[in-house]
Structure formats: C-alpha cells, structure tokens
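In the UniProt record's numbering, the protein residues as written are 1 to 360.
Dropping the structure here:
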C-alpha cells in the first residue's frame, strides 16, 4: 500500500461489517477505535450503516481486511515422489535457494528439521484474487512443504493449491540444476487407466488404510465428462450453417452429481450413475481403528481435476467420540498434529497401493 492511494466505497464498508465473520467483540473494537461505545442491543445493520458514513483510513481497511481475509479453511494434502536417492545436504541447499526466491516476492519463510531424515519449509504468504469483494481480495495463508528422505526416493508433501504446486515445481527444477540431471517424479493420477477402474481406485483406497477398517461412506461425488460428437469436418459444416435453425437438436448433459447419506457406495442410485458413465471424483468416508479404539475417524480424498483424473489430494478431517449404545457425538473434533501427520501418511500409502492394484 505504500506510495499508493486507495479508498474503500461506503457500500463495501457496509457489506464488510455485516459479515458474520466479523465478531461482536471485533465490531465493538472497531467502534471503540473511533471513541464510540456501542450497545449489544443495537442491530448490526444499523451499526454498519452508521460506520460506513465515516471518512475511512487505511487502518480501517486493514483491520477489516485482516479479519475477512483470514484463511481458516484447511487445505487438502498431496505429495510427489522423486524417484532418486538424494543427500540431505543437497536437499537443504535447494531448500535455501527456494526460500530465497520466495522471500524476494514478499513471503516469510523458515526451514525446520522436523525429523531425522526430513525438513519442512514453512511459508507465510499472501494470495490475491481480484474477483472477490474488496475486503477479501487478499488472503493471508500458510503452507508447510515437507521433504522426506527415504532409502530409495524423496517425498515432497504440501497443501494442494496452484500457488504451492508452482513452488514444488520450482523446487524440483532447482534440484535438477543442483544435481545437473533430470529427475523422474511420480504423482497419483488415473489419466492412463481404463474407465472401468476409476471408481475401483477409491474402493481400494478406503479399504486399504493400514490398521483401520471402513465404517461408512457418507459422501460420494461423481463426474461424467461431456463426449465430443463432432469431428473437424462437422465443425466446419456447423459454422457454415450456423444460421440454419430448421431442425435444432437440443440435448442435456449432467456432468456432476453428489450423493450423501449412509452406505452410499451400496446405493442403487450410485449403481445407476455408474451405468450412465459416471465415475467417482471425490469421496468422504469414516473408519475405525482395528485396535481397542471406539473413535470414528473421517477422511476425504479427491481428484481436483475430475475430467483428467489428476491432482489427487486428501485430508484427515478429524474424529467423532463414541457416546455409547452404538452412537457417536455429532460434533467432529480435531486431531493433534502428530495424529494428523501419521494418518495422512497412511492415506498416502493406501492411495499408492490402490493405484498399483488398478494398474495391474
């Protein structure tokens, strides 16, 4: 903002204060900064209309932007395997080079040794989206890029989003420069797999988590790509006759559908969708530990690029405590960082095993 002028419109200020993300306590602090004490009985809309009439400073904008731009949504994880043995010194050198580049563009980075054979790059950064409202165009985000060194390969784990994907690619590019050779990488995707095996991948995944038994599937999202019926010659004919409406052919195509409930994978509705050419692109399921543990763990996995069966990601969402008499509490609880890391690795391993089975 330094060296530039910007003024938020009254309408944008009014809409921002009316957002539920701005708590009552934060709203009182905003008014108190102007020397105004507000009653808890005053309606928010009235307060928003009153405050929007004031002359506003950059500090007013920043205060609301920090509240509304805070990213509270957990992102799914993904991983890339580098099929080569790499020394830890090389890993750290390349990580330092990546950090230098990211800090040049305003990110705040730290490199930590999380385990004996792994390092983590913690990045705090801002993401811009000018299609959002004025107070939500800048999101403050945090990403952890974990690099684990194994006996046969290197595994890079990170949140699945476009920005961090680019950083991962930059890291691999720098690694190749440091090694002075190209490296082979492996990602989970089904782009070269026959269509009849696409949904089988998810069945293998949810039943293949080591130490856990499938309890229920609650959400299934299916996708059906639109088929191209016209070849190039037909396209040319269509261009020539674009004004000919004597026999218009109207058709419908449903590309996405979702099913929610209990035992969704066994439902007749899903089987009918399979027959129509749909396949699973995203799934949410719950599993129980095979040990003496009554807690119910919830997972999610998907291909973000459903049409090309690519950009696979996964998330351990939390757990439900056992209430008794075969029932669980409705509120989902968060896992500890250690539990989440262990379960995330189990899902990752199960996904690789599932891919091997459907490729056989």
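Even glycine gets a Cβ: it sits at the ideal position worked out from N, Cα and C.
In terms of CA proximity to residue 51, 28 leads the group 28, 66, 69 and 41. In this structure, DSSP gives residue 51 a helical state, which the three-state scheme calls helix. Going by beta carbons, residue 65 and residue 14 fall outside the 9 Å limit. The segment 329-348 makes contact with the segment 306-320; the number of CB pairs closer than 8 Å reaches 3 or more. Around the beta carbon of residue 298, 16 or more other beta carbons lie within 10 angstroms, which makes this residue buried. Judged by pairs of C-beta atoms under 8 Å, the segment 256-270 touches the segment 209-223, as three or more such pairs exist. Boundaries of the alpha helix (DSSP H) harbouring residue 200: 198-206, taken from the DSSP string. DSSP places residue 329 outside both helix and strand once states are collapsed to three, so it counts as coil. In the DSSP secondary-structure assignment, residue 257 is bridged to 222. Counting C-beta atoms within 10 angstroms of its own C-beta, residue 104 has fewer than 16 neighbours from the protein chains shown and is therefore classed as exposed. The DSSP-derived three-state label of residue 216 is strand.
Pairing residue 310 with residue 169 gives a Cβ-Cβ distance that is not under 9 Å. Taking 9 Å as the cut-off, the Cβ atoms of residue 91 and residue 175 count as close.
Per DSSP, the beta-bridge partners of residue 296 are 288 and 320. The beta carbons of residue 134 and residue 33 sit no closer together than 9 Å. Note: residue 303 is bridge-paired with 312 in the DSSP secondary-structure output.
If the five residues before and after residue 218 are omitted, its C-beta is found closer than 6 Å to the C-beta atoms of 284, all from its own chain and listed in chain order. Residue 263 sits exposed, since fewer than 16 C-beta atoms from the chains shown fall within 10 Å of its C-beta. For residue 11, the enclosing alpha helix (DSSP H) stretches over residues 10-17. Ranking 141, 150 and 123 by CA distance to the CA of residue 115 puts 150 first. Around the beta carbon of residue 148, 16 or more other beta carbons lie within 10 angstroms, which makes this residue buried. Around the C-beta of residue 271, fewer than 16 other C-beta atoms lie within 10 Å, and the residue is accordingly described as exposed. Spanning the alpha carbons of residue 288 and residue 146 requires a straight line of approximately 27 Å. Rounded to the nearest whole angstrom, the CA to CA distance from residue 324 to residue 296 is 13 Å. Taken in chain order, the complete alpha helix (DSSP H) segments of 4 residues or longer contained in the segment 60-121 are 88-104. Scanning its chain for C-beta atoms nearer than 8 Å, with the 5 sequence neighbours on each side dropped, one finds around residue 95 the residues 111, 119, 121, 147 and 171, in chain order. When DSSP assignments are scanned along the segment 134-178, the uninterrupted stretches of beta strand (DSSP E) that are 3 or more residues long and fall wholly within it turn out to be 138-149 and 154-159.
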